[in-house]
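Visitor:
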Amino acid sequence: MESDDILFAEERKDKIKEYINNKNKATVNELSDYFKVSIATIRNDLKDLEMLGVLTRTHGGAIKKAKSSQELMLELRNDNIIAKKNIANKALNFIDDGDTLILDSGTTIHELAKLLGSKKDLTIITNDMTCATIVEPYGFNIVMLGGIVDNNFHWTIGEYTCKMLKDFSADKLFLSAGGFSVDKGISIGTLYLAHIKELMIKCSAQTILLADRSKFEKYRLIKFADFSDIDIFITDFFDQNIKNILEDNGGEVIVV
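Residues 1 to 256, numbered by full-length UniProt numbering, are exactly what the sequence shown covers, in order.
1) May I ask you to verify whether the stretch 186 to 201 touches the stretch 128 to 139, counting CB pairs closer than 8 Å and requiring at least 3?
2) Taking all protein chains shown into account, do 16 or more other C-beta atoms lie within 10 angstroms of the C-beta of residue 33, making it buried, or fewer, making it exposed?
3) Starting from residue 28, trace the alpha helix (DSSP H) both ways and give me its first and last residue.
4) Compute the Euclidean distance between the alpha carbons of residue 188 and residue 150, then round it to the nearest angstrom.
5) Count the C-beta pairs between the stretch 79 to 91 and the stretch 50 to 66 that are closer than 8 Å, then say yes if the count reaches three, no if not.
6) Report the partner residues of residue 123 according to the DSSP bridge assignment.
7) Quick check: the Cα distance between residue 167 and residue 182, rounded to an integer number of angstroms?
8) Measure how close the beta-carbons of residue 99 and residue 115 come, nearest whole angstrom, since I'm counting them as under 8 Å.
9) In whole angstroms, what separates the C-alpha of residue 140 from that of residue 246?
10) Of the residues 49, 62, 51 and 15, which one's Cα is nearest the Cα of residue 29?
11) Quick check for students: name the residue ranges of the alpha helix (DSSP H) that lie wholly in the stretch 184 to 209, counting only runs of 4 or more.
12) Please name the residue in 169, 240 and 233 whose C-alpha comes closest to that of residue 94.
13) Would you check if the distance between the CB atom of residue 65 and the CB atom of residue 35 is smaller than 8 Å?
14) Say whether chain B places a C-beta atom closer than 8 Å to the C-beta of residue 138.
15) With a Cβ-Cβ cutoff of 8 Å, do residue 173 and residue 109 count as a contact?
16) When you compare the CB positions of residue 178 and residue 161, do they come within less than 8 Å of one another, or not?
17) Since I believe residue 17 is in contact with residue 49 (beta carbons under 8 Å), could you give me their beta-carbon distance rounded to a whole number of angstroms?
18) Can you tell me where the beta strand (DSSP E) holding residue 135 begins and where it ends?
19) Taking just the CA atoms, how far does residue 25 sit from residue 5?
20) Among residues of its own chain, excluding the 5 on either side of residue 195, which ones have a beta-carbon nearer than 8 Å to its beta-carbon?
21) Check residue 233 in the structure and name its three-state DSSP category.
22) What first and last residue would you give for the beta strand (DSSP E) that runs through residue 242?
23) Tell me the DSSP secondary structure of residue 117 in three-state form.
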């Protein structure tokens with residue numbers, strides 16, 4: 001095969017990958033017609049692309065490869081990253097040396113955890129293994145809640161997590177959410193996390209919600225709190241109705 005033919009073959013495979021990613025799926029006949037090559041050539045291309053992990057072959061064609069949980073977490077972490085960092089920086093102002101903190105799970109909470117090295121003598125309670133790993137070098141007292149490990153997101157969950165959490169008291173909880181709205185409150189898309197979050201609120205003297213605008217007017221599977229349960233809401237957008245609810249209950253909204 002000439003070098004130009006090899007180059008064309010690689011270019012075609014790139015185009016096939018792009019085609020399937022855009023359309024989610026394609027048949028062998030469809031690709032053969034579109035790229036003006038034989039069905040045998042397309043089948044070989046699809047076989048090579050599957051070996052590279054960029055698509056999944058099916059009977060008569062191929063489909064877009066599903067994203068792994070690690071890829072989804074990376075996308076989530078990078079989404080609105082500037083807003084999340086700004087929210088975390090503001091949240092740091094509410095932490096005093098010697099505080100006992102509960103750190104919920106979530107990418108904005110992770111950004112806050114990265115900043116805690118500037119504080120002294122903290123006790124950190126969390127069910128998020130990523131949070132525990134981030135703060136470990138700072139020399140704090142770290143309480144990692146036991147339970148069943150969710151291998152996709154590195155949380156501990158289950159009855160034992162809840163039982164252990166009930167025995168603790170914290171000065172401040174830094175809380176995350178999957179979605180929130182004025183009418184439906186604060187929600188999460190994972191049933192087993194909802195009860196853990198409820199207990200975190202009950203165990204804490206002060207609850208500080210960290211959430212960016214991407215969560216606004218989105219309702220997930222189950223509600224775990226009302227805005228009346230929140231003492232401070234740090235966000236990157238302003239909504240007068242939410243502000244009114246918090247202020248009526250002695251809370252505060254801070255927009256960064």
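Even for Gly, the Cβ is constructed at its ideal location relative to N, Cα and C.
Guide: To lay it out plainly:
1) no
2) exposed
3) 28 to 35
4) 16 Å
5) no
6) 100 and 141
7) 32 Å
8) Not a contact, Cβ separation roughly 14 Å.
9) 32 Å
10) 62
11) 191 to 202
12) 233
13) no
14) Here chain B cannot be found, since the structure has a single protein chain.
15) no
16) no
17) 6 Å
18) Premise fails: residue 135 lies in the alpha helix (DSSP H), 129 to 135, not in any beta strand (DSSP E).
19) For residue 5, the predicted model reports a pLDDT of 49, less than 50, meaning its position is unreliable; a value from the coordinates is still stated below. Each residue's Cα considered, the two are about 26 Å apart.
20) 162 and 224
21) strand
22) Careful: residue 242 lies outside any beta strand (DSSP E), inside the alpha helix (DSSP H) at 240 to 248.
23) helix
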